[in-house]
Amino acid sequence: MSELLKYPGESSNNDLTPDGKAAAHTRRVFLFKLAVGLNVLVGAVLAVPLVGYIISPSLKKGSRTGAWIKIGDVNEFPAGETRLVSFRSPVAVFDDGQTGDIPCWVRHISGRKFQVFAINCAHLGCPVRWFAQAKLFLCPCHGGAYYEDGARAAGPPERGLFLYKHRLVGDSLVIHAGDMPTLATQASCKGDPLVQIQPANAASVTVTTANATESTSWQA
Amino acid sequence: MASLKERGTVAGLKAYHWIEFRLGLVKPLSEAAQHPTPADNASWWYVFGSAATVLLMLQVVTGILLALVYAPTANSAWTSLNVLNHNIPLGWYIRAVHGWGSNFMVAVVLIHMVQVFMFGSYKFPRELTWMVGVGLLLLTLGMAFTGQVMRFDQDAYWGLGIGASIASRVPFIGAPLVHLILGGPILGGPTLARFFTLHVFVIPGLLLAGVGVHVFMVLRHGVSEWPMPGRIVRKSTYVREYHELTEKTGIPFVPDAAWKDAVFAAAILFTVMAFAFFFGPFGPNGQPDPTIIQTAPKPDFIFLWIYAVLAFLPPAIETPTMLVVPVVGIAALLLLPIFASEGERHWSRRPVAVLTVSVIAVTLGIFTRLGTYTPWSPIMDAWTSDAVPPAYLHNRTPLEREGAIVLQNKQCRNCHELDGVGGLRGPELDSVATRLTENELIRQVLQGGGNMPAYGDALNPSETKALVSFLMTLRGKNLQPAVDASQTIVHDTQFHLPEPASSPQPRHGP
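Note that the protein sequences, when read in sequence, are chains A and B. Mapping to numbering that gives the first Met the number 0: the first sequence position 54 is 53, numbers consecutive. Mapping to numbering that gives the first Met the number 0: the second sequence position 378 is 377, numbers consecutive.
Structure, rendered in structure tokens:
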């Protein structure tokens with residue numbers, strides 16, 4: 000043991016090649032392997048916070064993001080018309096700036112019946128525009144078209160417009176806003192493949208089922 | 000004085016030796032630079048790789064300069080770009096050089112790749128060099144996309160939305176993937192921060208390391224010799240043949256071959272500088288405010304073809320195409336040298352290779368061209384800005400003229416041309432009455448079909464009547480109106496009773 004620990008200059012096996020020395024120094028080889036293993040272990044432990052930090056935005060449950068917010072009073076929306084409304088996203092963070100202001104289309108059908116559509120085309124998320132005379136939503140990117148109830152009319156979208164959950168509290172129209180609407184959120188809405196941006200989660204939420212019959216035709 | 004000069008030279012040499020003894024890099028690097036290369040590849044066709052590297056250096060330098068001012072937060076990125084454009088002396092020029100340098104870098108990298116493919120230079124023993132090159136191409140495109148996001152304007156905002164929407168189509172992990180890309184539930188500050196990190200730290204790091212490996216392998220295997228028809232690459236003999244060729248015809252890479260690289264590098268740098276000077280920086284266009292929806296987002300030039308393809312895919316195969324085709328395409332590029340590592344290199348003996356490049360080039364060209372004028376998109380303001388041509392209203396009845404008003408008012412023009420003005424989404428209407436009869440027009444307008452929405456809910460009966468009577472006047476240059484052949488037959492059958500069965504009378508349509 001003692002001779003292997005000698006300073007290399009005084010070692011008795013100077014005639015060996017470095018590889019040969021390494022082979023002879025089984026204890027050092029063992030210690031080196033141990034140290035490598037130690038680093039793998041430390042690295043694995045370190046990876047947990049590093050990876051967790053990066054993927055943390057994906058870990059929050061989609062249904063728990065967002066909140067109910069008021070977007071206006073009932074009397075601001077004339078019956079039979081569809082209007083553009085913007086709201087400050089309840090999930091906006093400190094440096095979102097203008098990007099935290101989200102527009103949506105509010106359709107007042109009649110009485111206390113409303114529909115609130117996301118601005119994002121169901122094809123690739125571009126902002127759809129409402130054309131009141133043609134009673135169509137048109138998308139500027141790839142020409143997706145939707146009827147006034149949000150149902151797919153023409154173009155590349157495979158479904159109707161995304162709908163926000165909404166309810167009337169007194170005379171206030173409130174919607175549940177959170178995630179940017181994409182097809183993935185739709186996929187997580189089991190049983191209602193239509194439109195809900197958020198899956199219906201709690202019994203306390205009363206969703207206005209204004210167009211239950213119309214909506215079946217949306218799944219073209 | 001001469002002695003002073005001599006002493007200076009001696010002192011300089013001494014300093015060099017002092018450094019080189021400790022550093023030990025100058026000698027091996029200059030030896031590598033002067034390595035012998037076959038004289039036949041000292042060609043103007045072999046300059047694109049070095050030009051791409053020079054452009055990368057330009058991008059690194061100008062990128063660092065831009066980072067001095069640019070503020071990577073959703074709140075102030077757009078403002079900082081305008082400050083760069085207008086308030087910082089020469090800020091506009093640095094932005095312009097960085098933007099044009101990006102376009103030129105993508106172009107030169109693609110040309111380099113096509114040249115290597117057409118010359119068969121990816122074959123043995125340079126397969127891995129090609130694979131690393133494919134990675135460098137993808138990283139370059141990654142820089143171009145993330146760079147487009149750095150120009151944080153309307154196009155960047157909605158372009159990110161398109162990216163997230165594509166990601167959302169990935170099965171099972173769509174939602175987490177969208178959140179991972181956006182850095183949160185919505186597109187905003189964390190999104191820009193993520194793309195800034197990719198654009199400034201992650202991808203450039205990988206790119207520089209990849210270029211190092213790529214160049215190291217080029218030096219290790221030598222620059223491929225000029226391909227000759229009939230000179231076959233065989234794994235058993237290629238290395239020996241290459242070394243024989245190098246020994247026989249070899250010239251030092253620097254300076255005998257590299258002067259052309261240097262000239263081309265200077266030319267391309269100067270071209271970028273000139274483009275930047277004359278055409279200026281790219282954007283930013285409108286501020287990234289999603290509530291401003293009067294916008295028609297478009298990606299940068301090199302991604303226009305993807306934008307066009309996404310307009311044409313039928314809904315049913317769109318998601319599989321988006322997710323599968325890129326994987327297959329990249330895998331094909333990576334595996335190409337594995338399956339074609341031997342054989343002919345010269346293009347005249349590789350018709351499939353020539354055909355492949357031609358078809359891909361023409362396809363990309365066509366889709367890019369379509370992407371520049373987006374015939375599939377409605378023209379949002381055509382209904383108020385493009386009037387019905389007066390000639391179409393001459394000698395028309397009041398009802399027909401009322402129909403022209405309905406046509407404008409119901410925004411038909413957003414998708415339909417009259418006299419060459421209007422949207423291209425649907426067919427032009429100048430000669431619609433020669434294609435459809437009155438009944439067919441009514442049905443088409445009310446029920447839609449063939450990618451036209453139904454207007455039954457948007458038109459009352461009198462509007463429909465007026466609209467169709469106007470459309471019935473649109474017969475091009477006074478062509479015959481469309482007729483319904485079946486009606487004539489019905490008419491015939493009703494008014495000319497068929498003869499007895501013994502002598503059947505042939506019936507003719509019009």
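Every residue, glycine too, gets a C-beta built ideally from N, C-alpha and C.
Asked, Found
"Taking 8 Å as the CB-CB limit, is B/GLY7 close to chain A?", "no"
"Can you look up A/ALA22 in the DSSP assignment and give me helix, strand or coil?", "helix"
"Would you please state the rounded distance, in angstroms, between the beta carbons of B/TRP346 and B/MET112? I believe it to be under 8 Å.", "Their Cβ separation, rounded to whole angstroms, is 15 Å, which puts B/TRP346 and B/MET112 out of contact at 8 Å."
"Nearest-angstrom Cα distance between A/HIS24 and A/LYS32?", "12 Å"
"Using only the alpha-carbon positions, how far apart do A/GLN114 and A/ASP170 sit?", "15 Å"
"Using the beta-carbon count (16 or more within 10 Å), is B/SER384 buried or exposed?", "exposed"
"For B/LEU398, which residues in the same chain have their Cβ closer than 6 Å to its Cβ, ignoring the five residues on either side in sequence?", "ALA465, SER468"
"If you draw a straight line from the alpha carbon of B/THR373 to that of B/ALA307, how long is it in whole angstroms?", "7 Å"
"With DSSP as the reference, label B/ILE488 as helix, strand or coil.", "helix"
"Helix or strand or just coil, what does DSSP make of A/GLY71?", "strand"
"Report the three-state DSSP secondary structure of A/HIS107 (helix, strand or coil).", "strand"
"B/GLN486: which of B/THR436, B/TYR454, B/LEU440, B/THR472 sits nearest, CA to CA?", "B/THR436"
"Hey, how far is the Cα of B/GLY48 from the Cα of B/VAL107?", "8 Å"
"Just the C-alpha distance for A/GLY149 and A/TRP104, rounded to the nearest angstrom, thanks.", "10 Å"
"Do you know offhand how far A/GLY190's Cα is from B/GLN479's?", "Because the pLDDT at A/GLY190 is just 38, under 50, the model does not fix this residue reliably, and the value given afterwards should be weighed accordingly. When rounded, the distance between both Cα atoms is 53 Å."
"Run the CB neighbour count on A/HIS122, radius 10 Å, all protein chains shown included, and call it buried at 16 or more, exposed below.", "buried"
"Determine the extent of the beta strand (DSSP E) in which A/ALA117 is found, giving its start and end residues.", "112 to 117"
"Look at B/LEU519 and A/HIS165 and say whether their C-beta atoms are less than 8 Å apart.", "The structure shown does not extend to residue 519 of chain B, since chain B spans only 0 to 509, so no value can be given for it."
"Taking B/THR558 as the reference, which of B/LEU458, B/PHE103, B/TYR69 has the closest Cα?", "Residue 558 of chain B cannot be examined here, being either before or after the span of chain B that is shown, 0 to 509."
"Please state whether DSSP places B/LYS122 in a helix, a strand or coil.", "coil"
"By Cβ distance below 6 Å, which residues in the same chain neighbour B/LEU64 in space, the five residues on each side in sequence not counted?", "ILE93"
"For A/ASN74, tell me which candidate among A/PHE161, A/LEU172, A/ALA117, A/LEU30 has the shortest Cα-Cα distance.", "A/LEU172"
"At a CB-CB cut-off below 8 Å, which residues of chain A make contact with B/LYS409?", "GLN132, ALA133"
"Would A/LYS189 count as contacting chain B if we go by Cβ distances under 8 Å?", "Interpretation of A/LYS189 is limited by its pLDDT of 37, a score under 50 that renders its predicted location unreliable; the figure taken from the coordinates is listed afterwards. Not an interface residue."
"When you check each C-beta in the segment 49 to 76 of chain B against every C-beta of chain A, which residues fall closer than 8 Å?", "THR72, ALA73, ASN74, SER75"
"Which residues in chain A have a C-beta closer than 7 Å to the C-beta of B/VAL177? List them in chain order.", "THR181, ALA183"
"Quick check: is the beta carbon of B/ILE305 nearer than 8 Å to any beta carbon in chain A?", "no"
"Between which two residues does the beta strand (DSSP E) harbouring B/ARG230 extend?", "Looking at the DSSP string, B/ARG230 is not in any beta strand (DSSP E), and its letter there is neither H nor E."
"What does A/LYS164 pair with, by DSSP beta-bridge criteria?", "A/HIS175"
"Could you check how far apart the C-beta atoms of B/ILE202 and B/MET142 are, in whole angstroms? I think they sit under 8 Å.", "5 Å"
"Answer yes or no: does any C-beta atom of chain B fall closer than 8 Å to that of A/GLY169?", "no"
"Report buried or exposed for B/PRO189, applying the criterion of at least 16 other Cβ atoms within 10 angstroms of its Cβ.", "buried"
"How about A/ALA176 and A/PRO89: do their beta carbons lie closer than 8 Å?", "yes"
"Return the CA-CA distance between A/GLN132 and B/LEU80, expressed in angstroms with no decimal places.", "39 Å"
"Within the segment 174 to 247 of chain B, note down every full beta strand (DSSP E) run reaching 3 residues or more, in order along the chain.", "none"
"Flag B/GLN286 as yes if its beta-carbon sits less than 8 Å from any beta-carbon of chain A, otherwise no.", "yes"
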